[in-house]
Amino acid sequence: MNQKRTNPIIVVVLTLFSLACLIPFWLVFMISVADENWVTAHGYSFWPGKFSLVAYQYLIEDAEKILRAYGVSALVTVIGVVVSLFVTSAMAYALSRKEFPLRGALSFYILITMLFSGGLLPWYLVYTRFLHVQDTLLALIIPGLIGGFNVIIMRTFFTNSIPPSLIDSSQIDGAGEFRTYFSIILPLSLPVMATIGLFTTVSYWNDWFTSLVFIQNEKLFSLQYLLTKTLMNASFLQTIANKAYSSTAQVTTPLESIRMAMAMIAIGPLVLVFPFLQKYFVRGLTVGAVKG
Numbered sequence: 002m003n004q005k006r007t008n009p010i011i012v013v014v015l016t017l018f019s020l021a022c023l024i025p026f027w028l029v030f031m032i033s034v035a036d037e038n039w040v041t042a043h044g045y046s047f048w049p050g051k052f053s054l055v056a057y058q059y060l061i062e063d064a065e066k067i068l069r070a071y072g073v074s075a076l077v078t079v080i081g082v083v084v085s086l087f088v089t090s091a092m093a094y095a096l097s098r099k100e101f102p103l104r105g106a107l108s109f110y111i112l113i114t115m116l117f118s119g120g121l122l123p124w125y126l127v128y129t130r131f132l133h134v135q136d137t138l139l140a141l142i143i144p145g146l147i148g149g150f151n152v153i154i155m156r157t158f159f160t161n162s163i164p165p166s167l168i169d170s171s172q173i174d175g176a177g178e179f180r181t182y183f184s185i186i187l188p189l190s191l192p193v194m195a196t197i198g199l200f201t202t203v204s205y206w207n208d209w210f211t212s213l214v215f216i217q218n219e220k221l222f223s224l225q226y227l228l229t230k231t232l233m234n235a236s237f238l239q240t241i242a243n244k245a246y247s248s249t250a251q252v253t254t255p256l257e258s259i260r261m262a263m264a265m266i267a268i269g270p271l272v273l274v275f276p277f278l279q280k281y282f283v284r285g286l287t288v289g290a291v292k293g
């Protein structure tokens with residue numbers, strides 16, 4: 002009886018919590034369609050007193066560049082996530098096998114890469130002097146292919162969630178390592194694959210620094226870098242214009258509205274992807290948890 006009485010309360014609490022999670026999105030959207038002068042005078046508001054679409058009009062002026070950048074980011078994200086999941090899962094599977102002779106050495110190497118960085122200059126020289134991938138899509142894909150944290154999470158899942166007897170049985174039936182990996186390991190690893198895939202998707206989609214370092218061709222700019230550059234240009238133009246006019250006739254560029262409009266444009270794909278991965282994402286969060 003007590004459980005039945007508390008169910009409506011739990012539903013109400015969770016509903017309110019879910020609605021609260023939408024508050025930041027609503028606030029960002031309202032600022033993006035608010036008049037810049039009103040925002041400057043009154044601050045952020047959930048319902049501004051004056052609306053304006055100047056920020057979106059400013060961004061739409063470069064609609065062709067934005068659409069092309071969308072395509073670049075989408076292509077890099079899809080290819081990067083697929084290849085990253087394959088490389089990460091293959092490495093994690095090898096490290097989860099106790100009979101793998103380099104298991105300890107590679108695990109220690111992965112740990113070292115998580116604690117210490119090789120430095121920005123050597124990182125840049127590797128991709129430009131040795132790999133020669135500057136001004137190519139590979140420069141946007143390769144740096145984020147594998148991460149030590151993701152390998153450890155996936156290795157933990159393989160070790161704790163997939164019985165060694167299942168792998169031994171497949172090998173007794175004549176399956177090799179690759180057949181075992183593709184036919185048994187991957188189908189049983191959807192939760193952790195979806196979790197790591199979501200992390201990797203967010204990482205690739207939000208990456209702007211790689212474009213800043215390696216890309217000079219405007220046709221290969223990622224969406225995040227293009228939007229960042231657009232905002233910097235708007236800020237620069239406002240500064241120059243204000244210096245050219247007197248203090249009584251300053252030019253106002255909707256920087257705050259542009260910033261929030263950029264956020265609305267950039268976050269769209271992630272909002273659409275997450276619901277499809279939510280089930281596996283929740284299951285993947287329990288990787289390594291103690292079973293009762």
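Residue numbers are given in this note's numbering: position 220 of the sequence shown equals residue 221, and the series is strictly consecutive. Backbone N, C-alpha and C fix where the C-beta goes; we use that ideal spot for every residue, glycine too. Please read these numbers as outputs of a predicted model, since none were measured by experiment.
{"Check": "Distance, M263 Cα to L23 Cα", "Outcome": "18 Å"}
{"Check": "Helix, strand or coil at F47 according to DSSP, with G and I counted as helix", "Outcome": "coil"}
{"Check": "Extent of the continuous alpha helix (DSSP H) to which Q58 belongs", "Outcome": "V55 to I61"}
{"Check": "Among A267, I268 and I259, the one whose alpha carbon lies nearest that of N38", "Outcome": "I259"}
{"Check": "DSSP state of A176 mapped onto helix, strand, coil", "Outcome": "coil"}
{"Check": "Residue from E257, V274, I186 and L271 with nearest C-alpha to S53", "Outcome": "E257"}
{"Check": "Contact set for Y125: own chain, Cβ-Cβ below 7 Å, skip 5 residues either direction", "Outcome": "V214"}
{"Check": "DSSP beta-bridge partners of F52", "Outcome": "A35"}
{"Check": "Counted within 10 angstroms of its Cβ, other Cβ atoms place I173 as buried (16 or more) or exposed", "Outcome": "exposed"}
{"Check": "Segment limits, alpha helix (DSSP H) that includes N151", "Outcome": "G149 to S162"}
{"Check": "8 Å CB neighbourhood of L271 in its chain, flanking five on each side removed", "Outcome": "T202, V203 and W206"}
{"Check": "Cβ-Cβ distance between L138 and V83 below 8 Å", "Outcome": "no"}
{"Check": "L273 versus A21: straight-line alpha-carbon distance, rounded", "Outcome": "19 Å"}
{"Check": "I197 and N234 closer than 8 Å at C-beta", "Outcome": "no"}
{"Check": "Reference Q58, options V13, D36, L28 and Y128, closest by Cα", "Outcome": "D36"}
{"Check": "Whether T160 touches S171 by CB criterion (8 Å)", "Outcome": "no"}
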